[in-house]
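Protein chains in written order, with our numbering: chain Y, 1 to 404; chain Z, 1001 to 1365.
We put the beta carbon where it would ideally sit given N, CA and C, even for glycine.
It should be emphasised that the depicted structure is a prediction, and the values quoted were computed from it without experimental measurement.
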Amino acid sequence: MVLTGLGVVSSIGFGPQEFAAGLRAGRSGARPISVFDTTGFEYANGCEVVGFDPTEWLRVTDPADLGRASQFSVAAARMAVRDAGLEESELAGKRGLVSVGTTDGEAVDLEALLETSLNSGSAAMDGQTARRVPATMLSLAIARELGLSNVSAYTIATACSAGNYAIGDGFDAVRSGEVEFALCGGADAMCRKTFAGFYRLGTIAPDCCRPFDADRKGILTGEGAGLLVLESLDSARARGARIYAEVLGYGLNCDAYHQVAPNQESIQRCMRLALEDAGVKPHEVDLISAHGTGTQANDVTETRAIRGLYGDQPPRTISVKSMLGHTMGAASALGAIACALAITHGFIPPTINHRSSDPECEIDCVPNESIEADLRVVQNNGLAFGGNNASLILGKYSEKELVS
Amino acid sequence: MTTEPRLVITAWSAVSPYGIGRESFVDGIASSTSTVTELDQDLWQGPTSRGCLVPGFDIREVLGAKGTRKMDRVTALVVSTVGQLLADGGISTGEDTALVLGSTMGSAQSIMDFTKDVLVRELPYLVDPAKMPNSVMNCAAGACAIWHGLKGPNTTLAGGQAAGLMALDYARRLLIHDRAAKVLVGAAEEYSTERAWLDRHSWPAETPDRVLGEGCAVLLVETADQAALTGGRTPLAEVLATESRVYLEGDPTKVLIACVQSVLARAGVRADEVWAAVPSSVGDRGRLESGVVRSLFGAEVVDRVPTGDVLGDTGAASAALRIAAVLSVAEHSPEAAGRVALVTSADRYGTVACSLLRLADPASS
């Protein structure tokens, strides 16, 4: 099972080329939040998507019929299909899976409806806005726009690991032969209620996100979408497609412990499940793209889980959230795309904004500057509220290692 | 493609307008009585005065005071349904047990209640941090995992009215790829004031006889081999095939027919072998779906199992509750043994799904 197309909507660039260049340069997406009113917050930086025009990406749907997250989702899907060198009409003739992970769905629209309701009464809510709300739209909008009827369209709502959940399910569906392709990933649009919630918990950084840093102050909320085209190696080779990386396996589990606090033992078990599924030994892993939110609790717990599994010399462990902020349901999908690009182009994206390493986080986070590296096996972590952990393993695709 | 292991349903439970637990559901479906009630206007200030609610569903009375202080209604529906199922069958949980839950958006009420504090408090961040998890769509599944010790894959699917069937297909993939030994597959929807308003504004032209309902149904699904290994669990039905598709234009008819034909073909079942076909029949879209299924299988087959309208529009829970209805009817129908049942769903947003089950034949096991 291989990745042949990548679509990106992010605060540091659109499309795989721009995104790869941003990752290599260590570009920061942080800026003062403009997508919602930040009055009353002492500080409000976030990683917004700037300059996104939905009309560039929508052909059959009126942009007003889709929320911002669904618009991101469609744009990234269309980019991924194009990047894979596929015609949309060609895909329509195949059985497929569309799967999009999300945390908040169209919570922006729900807030708008609530505002109407508070100001003018519930009877005054707007129907078009209400119809945009169900999260199932994030995947159905892709099917509708790309003209795909013979697909299962799933929206996976497992919060901040949902992107990995979606990619994992795509992997299983392609692997068992029940679909010829999977178009999967994650999407979220920044919303005020999530910002306020994390702010209240004291986990929004005042300036920027510094994962694994001794002075880290928390996350920056972000937004965007990452969608990937997954197909069998046979299918990719038959059409001469470029292969970014192989999907080797994944692991899912649930802490069943606490809705919010991460659990070291359970995260460790999730990563172990992923390695076992991929048939990979810990020493074969060259890089971990951590969940790495930049909160005190996450970074210590995740680092300990990594050391618990990998021992005293764990692979380099980076956090792309230092650049992208926490893009919620899109986070692990964008992380997986970053991993695929790192494998393809032979570099390790840095953990930016780094000043002094936290002795409690004993890993090499590749501070501030990307480095050249030949990556063979990479792990991408996604952790979430609800204890929904998901870890994905990607490998370098190498023609000569094929057993014919 | 290797031969897939056979998947069987070995236990189920439901919390619905017929009451809490399997028996009340079986009895309710047998009676087919309407569950529409006048709502207490002090509690429910929605656009209509009627609904199909789980009677007496007070969260603290049903689940106790401990751990329920911040629990919302949909979470409580899921926690109590799964609790009923596990207790009925004396089923153990742990790392090998997955939960796959279909939903529309978790609790619209919780999300909006949490957001309300952002809008009305003197400072926008004076939200209740303990209720933040309730504002995320996977709250019910995560809370249910904590309550019942479910440490396997824990997946929330936002799938609208077809969510239960989509969850069943997702669970199949978990099982055949050995990601869990058994999966609790279900779907849930709560009645709430905010849901009722969103529904009213989304579908203003809908005929007024559609009443919102609520409930949760959960099935225990495992491989036939695993069920045999455990000794005590007898298959109630085999899941022959499940599929979902997307209709791109306004009318789901063609895609629904294609989807039905596809699962029949995949299962090697002829249309005339289908003993019961159970479409949604709620509202305008349900009537359309029901008409299509009736044209394919005839009135006798469609009328064997009371369709969802007796429970109102149960949203995401609808298809899962109809699988429970099939199993309920089969329990009292000796002629159902070994026969095939089809459950369909045409969601208003664009999903069509159907699932084909073969009811167990106690004589042959």
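Option in the options with minimal Cα separation from residue i
i	options	result
residue 330 of chain Y	Y:25, Y:6, Y:102	Y:102
residue 62 of chain Y	Y:82, Y:42, Y:128	Y:128
residue 155 of chain Y	Y:206, Y:240, Y:106	Y:106
residue 136 of chain Y	Z:1174, Z:1044, Z:1245, Z:1115	Z:1245
residue 1196 of chain Z	Z:1346, Z:1040, Z:1047	Z:1047
residue 1055 of chain Z	Z:1020, Z:1267, Z:1225, Z:1193	Z:1020
residue 389 of chain Y	Y:159, Y:87, Y:72, Y:91	Y:159
residue 201 of chain Y	Y:261, Y:250, Y:172, Y:180	Y:261
residue 1011 of chain Z	Z:1221, Z:1259, Z:1266, Z:1275	Z:1221
residue 368 of chain Y	Y:392, Y:28, Y:1	Y:28
residue 162 of chain Y	Y:381, Y:66, Y:395, Y:145	Y:381
residue 394 of chain Y	Y:338, Y:361, Y:387, Y:358	Y:338
residue 5 of chain Y	Y:74, Y:47, Y:84	Y:84
residue 1218 of chain Z	Z:1098, Z:1309, Z:1361, Z:1058	Z:1098
Buried versus exposed call for residue i [16 or more other C-beta atoms within 10 Å across all chains shown]
i	result
residue 410 of chain Y	Here chain Y has residues from 1 to 404 only, and residue 410 of chain Y is not among them.
residue 1208 of chain Z	exposed
residue 363 of chain Y	buried
residue 50 of chain Y	exposed
residue 53 of chain Y	exposed
residue 1061 of chain Z	exposed
residue 343 of chain Y	buried
residue 404 of chain Y	Note on residue 404 of chain Y: pLDDT 39, under 50, position unreliable in the model; the coordinate value appears next. Result: exposed.
residue 1320 of chain Z	buried
residue 213 of chain Y	buried
residue 321 of chain Y	buried
residue 1001 of chain Z	Note that residue 1001 of chain Z has pLDDT 45, beneath the 50 cutoff, so the model's placement of it is unreliable and no number is given.
residue 1186 of chain Z	buried
residue 1142 of chain Z	buried
residue 332 of chain Y	buried
residue 397 of chain Y	buried
residue 1182 of chain Z	buried
residue 167 of chain Y	buried
residue 19 of chain Y	buried
residue 60 of chain Y	exposed
residue 1015 of chain Z	buried
residue 139 of chain Y	buried
residue 219 of chain Y	buried
residue 1043 of chain Z	exposed
residue 203 of chain Y	buried
Beta carbon of residue i nearer than 8 Å to that of residue j
i	j	result
residue 1164 of chain Z	residue 1191 of chain Z	no
residue 170 of chain Y	residue 79 of chain Y	no
residue 1305 of chain Z	residue 1253 of chain Z	no
residue 336 of chain Y	residue 164 of chain Y	yes
residue 1325 of chain Z	residue 1359 of chain Z	no
residue 238 of chain Y	residue 3 of chain Y	no
residue 273 of chain Y	residue 253 of chain Y	yes
residue 1093 of chain Z	residue 1150 of chain Z	yes
residue 26 of chain Y	residue 315 of chain Y	no
residue 244 of chain Y	residue 391 of chain Y	no
residue 1013 of chain Z	residue 1077 of chain Z	no
residue 1189 of chain Z	residue 1036 of chain Z	no
residue 1169 of chain Z	residue 152 of chain Y	yes
residue 190 of chain Y	residue 222 of chain Y	yes
Beta-ladder partner(s) of residue i, from DSSP
i	result
residue 32 of chain Y	Y:45
residue 1012 of chain Z	Z:1219
residue 1182 of chain Z	Z:1097, Z:1222
residue 152 of chain Y	Y:97
residue 1238 of chain Z	Z:1008, Z:1358
residue 9 of chain Y	Y:14, Y:225
residue 22 of chain Y	Note: residue 22 of chain Y sits in no beta bridge, so no partner.
residue 182 of chain Y	Y:97, Y:230
residue 1194 of chain Z	BP columns for residue 1194 of chain Z are empty, so no partner.
residue 367 of chain Y	Y:351
residue 304 of chain Y	Answer is none; residue 304 of chain Y lacks a bridge partner.
residue 1213 of chain Z	Z:1052
message: Give the list of continuous alpha helix (DSSP H) stretches no shorter than 4 residues that lie fully inside the segment 331-359 of chain Y.
response: The qualifying runs are 331-345.
Whole alpha helix (DSSP H) elements within the segment 1276-1337 of chain Z, 4-residue minimum: Look at the segment 1276-1337 of chain Z and you find these whole runs of alpha helix (DSSP H), each 4 residues long or longer: 1283-1297, 1299-1302, 1318-1331.
- prompt: For the segment 1013-1044 of chain Z, which segments carrying the alpha helix (DSSP H) assignment without a break, of at least 4 residues, lie completely within its bounds, in sequence order?
  reply: Here the runs fully enclosed are 1022-1031.
Segments of 4+ residues assigned as alpha helix (DSSP H) that fall wholly inside the segment 191-272 of chain Y: Contiguous alpha helix (DSSP H) elements confined to the segment 191-272 of chain Y occur at 192-200, 233-238, taking only those with 4 or more residues.
- request: Give, in chain order, every unbroken run of the alpha helix (DSSP H) that is at least 4 residues long and sits entirely within the segment 1060-1147 of chain Z.
  value: Listed in chain order, the complete alpha helix (DSSP H) runs (minimum 4 residues) inside the segment 1060-1147 of chain Z are 1073-1089, 1108-1120.
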